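So the sequence shown is numbered by the numbering used here: it starts at 64 and just counts up by one. For each residue, glycine too, the CB sits at the ideal point set by N, CA and C. All figures in this text were calculated on a predicted structure; none of them were measured in a lab.
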Amino acid sequence: MKLTLNQSLAAVLALAFPLAHGATTVASPDQRISVTIGAVKGGQLQYAVARDGKPVLLPSALGLRLAGADFSGKLAIASAAPATAVRDSYEIATAKKRHVSYAANEQVLTVVNAKKQSMDVVFRVSNDGVAFRYIVKGARNKVLGEATSFAFDKSAKAWLQPAAMAQSGWANVNPSYEEHYLREIPVGTPAPMKAGWVFPALFRSGDTWVAITEAGMDGSYHASRLETLSPGGVYRIGGPQAPEVFTGGALLADVKGALVTPWRVVALGALPTVMESTLGTDLAAPAIKFDAAKVKPGHAAWSWALLKDDATVYDVQKKFIDYAADMQWDYSLIDADWDRKIGYEKLAELVAYARGKNVGVLVWYNSSGAWNKTEYTPKGVLLNKAQRVKEFARLRDIGVKGVKIDFFAGDGASMMAYYVDLLKDAADAGLLVNFHGATLPRGLSRTYPNLMSAEAIRGLEFTTFDQADENVVARHAAMIPFTRNLFDPMDFTPMVFGDIPKIKRTTRNGFELAEAVLFLSGIQHFAETPDGMATAPDYVKTLLRELPGSWDEVKFLDGYPGSYVAIARKAGTSWYVAGINAEDTDKTITLDLGFTGKANGVLINDGATERAFTRADIAAGKAIITMKPQGGFVAVFK
């Protein structure tokens, strides 16, 4: 049955498509979000999105350009199947919610071009957003480009991260999604670099927030971004730069058989709706088979963050295993050059030692072939399947729990296939995976349960390199829950209570502690060392020992991108509420904490000095909490 719209919305859509031919509309289950798709005069296929009768995305282009088939213009809608209900449920251990239910209405349109070639466009509309993808049948489909755009009213604002130029940066390791976000800029502002803007891209149009990303990567398609120029607030899908490939591999998708693109995902609504949305994994493919007992989220000790290369030696790594055991953390990560400085035989000794303390060992690998100038090892041992099977089997036999793989080349189709091949082969060996120097996961953690985390962020390590990064880290951190960490796990490697060598810390200890709750990562690698942790009071150490490694529910409480944020996370019957303030003045927020169902909790906040904590009881009703400048808090209700 065709879904209906109220009269005001129908009027809006009539204005959006004054010359539409065969226009069709599909609405969300609650009827608040709707999409109209039509071919305007000249045959350009377009769509428009409205919420509560008000435009959110203005008429925006749809289409693909393939070798031998152009679906970017001169199109007609051949058929529009009746809208059908789509229902899904799944479990995921590395996201904001463990048990997820997804409900949407789906409509499939078949369009034909001037040569009578056909393409399907699949739309899904849920209560928290819109998603669409293209399907083209045939013996071979080679992508040349994409016409997809997202058109905003000129009054809209954007929060965007520039994409780095390929082959730039230290040892030519860019792009790695490691730039700072531009905050609340006018739509249409050109990207500062010619590589465009990365996903997720955050916008506000009137009272509606919009987060744009993609999901459903299977290794056959390149990863996308938004183009550098967006004249008039019209953002177009762009592709990777030429060097972003596995050596000798394809840049854009070139598929034998049917081409199925990733979903273009548009989460939208009030800010709490977007912040609690799970669309980034809802649209990902279901999980492959992997031993559920090995999907063990948790926390890890890690020496490299503050101690760097010289700490990757046997004695220091043994000390960090002891540290992880004392903190009751699940893992300890041994970083780059372990093969040369420790070796496989001594690694096996460390793994056995750690096993006796109920700590799992993770080890670092360099993904790189010829695409950058990095020299850290092990390098060049994961480039083909035979190598991976051999190396992963060796690690499995030693007892290693997982791998951190670094220094990827970018977003080309062949590089995306490499990510997927690594995940599949690691899964076959029962190994967990953490990608660094890498792309946005785009829902891969649902499809591959062994993907615990990925960097794809300018993480804490950058603050250890340069004071300029440390000076802006508070606002950067206050952007992350709204953007990079919105859907996908993120290895920011947070939390320092002591000193950062040669750097003056700008955040207070409450801010650092709150990051441990606010930031989502299947394995949270903490930057703090044993000496720095020794400065924390016992009640902080107790919190970190008992901190859940996975969350069941999420509740967005308050915040504004780049300014401040407060989020509640539930594990079992316990609620953890955390907030940070990136401003230079005190920030007082009023939170209704009655949802915890508890009478009272414990509040850990900043003390009188930047490195001090305070502890107090807190009622579970209406709470007034003041966060100091660059400060934060954690409240626990058990």
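- Query: Are V740 and A139 touching if we call contact CB-CB under 9 Å?
  - Reply: The structure shown does not extend to residue 740, since the chain spans only 64 to 701, so no value can be given for it.
- Query: From G301 to F545, what distance separates their C-alpha atoms?
  - Reply: 22 Å
- Task: Mind checking who Q702 pairs with in its DSSP beta bridge?
- Result: Absent from the structure is residue 702, since the part of the chain shown begins at 64 and ends at 701.
- Pick helix, strand or coil for L331, following the three-state DSSP scheme. strand
- Item | Meets three-Cβ-pair contact criterion under 8 Å: the segment 477 to 493 and the segment 520 to 532 | no
- Query: How about Y197 and F266: do their beta carbons lie closer than 9 Å?
  - Reply: It is not a contact, given that the beta carbons lie outside the stated cut-off.
- Query: Exposed or buried, what is K567 when buried is set at 16 or more other beta-carbons lying within 10 Å of its beta-carbon?
  - Reply: exposed
- Message: Between the alpha carbons of D271 and R538, how many angstroms are there, rounded?
- Response: Here residue 271 is Thr; the residue named in the question, Asp, does not match the sequence. Rounded to whole angstroms, T271 to R538 spans 22 Å at the Cα level.
- Item | Burial state of K701 (16 or more Cβ within 10 Å) | K701 counts as exposed, since fewer than 16 other beta carbons sit within 10 angstroms of its beta carbon.
- Where the beta strand (DSSP E) through G657 begins and ends: It is not in any beta strand (DSSP E) - G657 carries neither H nor E in the DSSP assignment.
- Cross-strand partners of H162 (DSSP beta bridge): E154
- Going by beta carbon distance, what residues of the same chain come within less than 7 Å of D93, once the five residues before and after it are set aside? N190
- For T570, I'd like the list of residues in its chain whose CB is within less than 7 Å of its CB, leaving aside the five on either flank, ordered along the chain. V536, A537 and Q693
- Item | the segment 593 to 612 / the segment 317 to 325 touching (three or more Cβ pairs under 8 Å) | The segment 593 to 612, when compared against the segment 317 to 325, does not touch it at the 8 Å Cβ threshold.
- Within the same chain, show all residues whose beta-carbon is closer than 7 Å to that of G269, passing over the 5 residues directly before and after it, in chain order. K117
- Query: When we look at the beta-carbon of R474 and count the other beta-carbons within 10 Å, is it buried (16 or more) or exposed?
  - Reply: The sequence shown places Asp at residue 474, rather than the Arg named in the question. Buried, because 16 or more other Cβ atoms sit within 10 Å of the Cβ of D474.
- Bridge partner(s) assigned by DSSP for R288: G301
- Item | Range covered by the beta strand (DSSP E) that runs through K49 | Residue 49 lies beyond the range of the chain shown here (64 to 701); nothing can be said about it.
- Pick from L576, P611, W638 and L607: whose alpha carbon is nearest that of V617? W638
- Message: Since A480 and G282 should fall inside the 8 Å C-beta cutoff, what is the C-beta to C-beta distance between them, to a whole number of angstroms?
- Response: 4 Å
- Task: Give the secondary structure of G370 by DSSP, where H, G and I count as helix, E and B as strand, and everything else as coil.
- Result: For the sequence presented, residue 370 should be read as Leu rather than Gly. L370: helix per DSSP, three-state reduction.
- the segment 206 to 225 in contact with the segment 252 to 265 per 3-pair CB rule at 8 Å: yes
- Looking at L346 and A194, is the spacing between their C-beta atoms short of 9 Å? With respect to L346, A194 sits close: the two C-beta atoms are nearer than 9 Å.
- Counting only the same chain and skipping the five closest in sequence on each side, list residues whose C-beta sits under 6 Å from that of T677. Closer than 6 Å at the Cβ level, and outside the excluded window around T677, lie N668 and G670.
- Item | Simplified DSSP assignment, three categories, for N69 | Residue placement at N69 cannot be trusted, given a pLDDT of 43 that sits under 50; what the coordinates show is reported in the next sentence. Coil at N69, not helix or strand.
- Message: Spatial neighbours of P249 within its chain, please: C-beta separation below 7 Å, excluding the five flanking residues on both sides.
- Response: If we look at P249 and ignore the five residues flanking it on each side, its Cβ neighbours are K220.
- Query: Which class does F195 belong to by DSSP, given the choice of helix, strand or coil?
  - Reply: strand
- Task: Identify every run of the alpha helix (DSSP H) within the segment 467 to 546, keeping only runs that are complete inside it and at least 4 residues long; order them along the chain.
- Result: You should have 476 to 491, 507 to 510, 523 to 526, 530 to 534 and 536 to 542.
- Return yes when the Cβ of A350 is within less than 9 Å of the Cβ of I155, no when it is not. yes
- Nearest candidate by alpha-carbon position, reference V160, set R203, G500 and E339: The question names Val, but residue 160 is Lys in the sequence shown. It is E339.
- Item | Residue burial classification, E408 (beta-carbon count within 10 angstroms, cutoff 16) | exposed
- Query: Looking at C-beta atoms only, is the number of pairs between the segment 653 to 664 and the segment 549 to 567 that lie closer than 8 Å three or more?
  - Reply: no
- Task: Can you check the segment 410 to 447 for any beta strand (DSSP E) of at least 3 residues that lies completely inside it and give the ranges in chain order?
- Result: 423 to 429
- Nearest-angstrom Cα distance between I397 and E646? 36 Å
- Which one of Y428, D469 and K217 has the shortest CA to CA distance from L458? Y428
- Query: Hey, which unbroken runs of the beta strand (DSSP E) at 3 residues or more fall wholly within the segment 176 to 234?
  - Reply: 181 to 189, 192 to 199, 203 to 209, 212 to 214 and 220 to 223, all fully within the segment 176 to 234.
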